[in-house]
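Notes to accompany the following structure.
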Amino acid sequence: MRQRDTTGISLASKDGFLLKLELLSDPKLLSVVRGALERLTEVFGFSAPDRRSVTRAVDEALTNIMRHCYNGRTDQPIELYCSRVPPRSSELGDGLEVLLCDQGPPVDPSKLRGRRLDEIKPGGLGLHFIRQSMDTVEYQRAGSTNQFRLVKYVRPSTQSRTP
Amino acid sequence: MQISARHSDSTTIFDVSGDIDLANSPEIRKALLREVREKRTPRVVMNLSNVRYIDSSGVASLVEGLKASRDLNLRFILFGLSPSAREVLQLSRLLKIFEVYDNEDQALSS
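From first to last, the protein sequence lines stand for chains A and B. Just so you know, numbering that gives the first Met the number 0 puts 119 at position 120 of the first sequence, and the rest follows in order with no gaps. Just so you know, numbering that gives the first Met the number 0 puts 33 at position 34 of the second sequence, and the rest follows in order with no gaps.
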């Protein structure tokens, strides 16, 4: 199995990728990725709410890449890697790590905080959804690549089966 | 995603099906704002019972519809929220801001 560029965030798993997707920055492909994530999170053993959380977070992260890193261009490359990572505590099961890579300009980390929710207005909700949905959310610039790393751990009481 | 409209005296019901995401939320926004700002329909109702997924851009379109309705003292109603749609409105603390009903009968008799 191919290993990705190790100059960025390192894999915590030695098992390789569970899933790798290469797609263009076309919003019409978002539903394709959601479909893949829905199935992957199911076989990984997440509960139904956690499956929706992971799928939502990845969808929102991809949306942000398409809108903000690529400014709506629909022909730019995005890579998505899914890997298994070990539990970070005894209360948690294995984690699903999703790494999203794009070749857009560097992201200003100060813009990754999301907005306050005490004002009713459209927009700015995507980052909030990502942070609420995942256990770990990290950004790193590696060479010319933006890397967004998302991790969600299986809650053992809801773990049904693993691939 | 597909959207169609049913019209009665003072109400328009939008029947939406499929997922609402970045690829199609502008279409939702356009239909909603046209109904509210141009037609000034007194009661706009969104049937979301066949919508499985709404992303943040879809929520933003609904918020725009709500704000435009409030500005004109019109009503904007949602019904038939899926678990995913309900979750995103809860996460964005908007569930109590919208007028939400379980089904069409409840929405129209409100």
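Heads up, the beta-carbon is just placed ideally off N, CA and C, and yes, glycines get one too. Treat the numbers as computed from the prediction; the structure is a model and nothing was measured.
(request) Within its chain, find whatever has a CB closer than 6 Å to the CB of ASP20 (chain B); leave out the 5 residues flanking it on each side and keep chain order. (result) ASP54
(request) Would you give the residue range spanned by the alpha helix (DSSP H) that ASP58 (chain A) belongs to? (result) In this chain, the alpha helix (DSSP H) harbouring ASP58 (chain A) covers 47-63.
(request) For TYR52 (chain B), go through chain A and note every residue whose CB falls closer than 9 Å to its CB, in chain order. (result) Correct list: SER30, ARG33, ARG51, THR54, ARG55 and ASP58.
(request) For the beta strand (DSSP E) holding LEU77 (chain B), just list the boundary residues, first then last. (result) 74-78
(message) Can you check which of these residues, B:LEU61, B:PHE75, B:ARG28 and B:ASN46, is closest to GLU103 (chain B) by C-alpha distance?
(response) B:ASN46
(message) Does THR73 (chain A) pass the burial test, meaning 16 or more other C-beta atoms within 10 Å, or should it be called exposed?
(response) exposed
(request) Under the assumption that VAL44 (chain B) contacts ILE12 (chain B) (Cβ atoms under 8 Å), give the Cβ distance between them as a whole number of angstroms. (result) 5 Å
(request) Say whether the segment 16-23 of chain A touches the segment 67-84 of chain A, bearing in mind that this needs 3 or more beta-carbon pairs closer than 8 Å, one atom from each stretch. (result) yes
(request) Consider the Cβ of GLU86 (chain B): report whether some Cβ of chain A lies at a distance smaller than 8 Å. (result) yes
(message) Can you look up GLN75 (chain A) in the DSSP assignment and give me helix, strand or coil?
(response) Three-state result, GLN75 (chain A): coil.
(message) Would you say THR62 (chain A) lies against chain B (beta-carbon separation less than 8 Å)?
(response) Closer than 8 Å: yes.
(request) Identify the continuous alpha helix (DSSP H) that holds THR40 (chain A) and give its terminal residues. (result) 29-43
(request) Taking the CB atoms as reference points, tell me whether LEU95 (chain A) and THR40 (chain A) lie closer together than 8 Å. (result) Yes, the pair counts as a contact, with Cβ atoms nearer than the cut-off.
(message) Taking CB distances under 8 Å as the criterion, tell me whether LEU90 (chain B) reaches chain A.
(response) Chain A contact via Cβ: present.
(request) Using the Cα positions of ALA60 (chain A) and ARG87 (chain A), report the straight-line distance between them to the nearest angstrom. (result) 23 Å
(message) Assuming the contact rule is C-beta atoms closer than 8 Å, GLY103 (chain A) and TYR69 (chain A) should be a hit. Round their C-beta distance to whole Å, please.
(response) The Cβ separation is near 5 Å, so the contact holds.
(request) Identify the continuous alpha helix (DSSP H) that holds GLY17 (chain B) and give its terminal residues. (result) That residue, GLY17 (chain B), is in no alpha helix (DSSP H); its beta strand (DSSP E) goes 10-19.
(message) Can you find the residues in the same chain that come closer than 6 Å, C-beta to C-beta, to PRO120 (chain B), ignoring five residues on each side of it along the sequence?
(response) The question about residue 120 (chain B) has no answer here: the residues shown for chain B are numbered 0 through 109.
(request) Could you have a look at ALA22 (chain B) and say whether DSSP puts it in helix, strand or coil? (result) coil
(request) Measure the alpha-carbon distance for ARG51 (chain A) versus SER83 (chain B) and round it to whole angstroms. (result) Whole-angstrom Cα-Cα distance: 7 Å.
(message) Counting only Cβ pairs nearer than 9 Å, list the residues of chain A close to PRO82 (chain B).
(response) ALA47, PRO48 and ARG51, listed in chain order.
(message) Here's the rule: buried if 16 or more other CB atoms are within 10 angstroms of the residue's CB, otherwise exposed. What is VAL35 (chain B)?
(response) buried
(message) Using a Cβ-Cβ distance cut-off of 8 Å, determine whether PHE147 (chain A) contacts chain B.
(response) no
(request) Would you identify the three-state DSSP class for PRO101 (chain B), choosing helix, strand or coil? (result) Rather than Pro, the amino acid found at residue 101 (chain B) in this sequence is Asp. It is coil, neither helix nor strand.
(message) Spatial neighbours of LYS38 (chain B) within its chain, please: C-beta separation below 8 Å, excluding the five flanking residues on both sides.
(response) THR11
(message) 8 Å is my cut-off, CB to CB: does VAL43 (chain B) come that close to chain A?
(response) no
(message) Using 8 Å as the threshold, is the C-beta distance between LEU79 (chain A) and VAL32 (chain A) below it?
(response) yes
(request) Using three-state DSSP, classify LYS19 (chain A) as helix, strand or coil. (result) Here DSSP, grouped into helix, strand and coil, assigns LYS19 (chain A) to strand.
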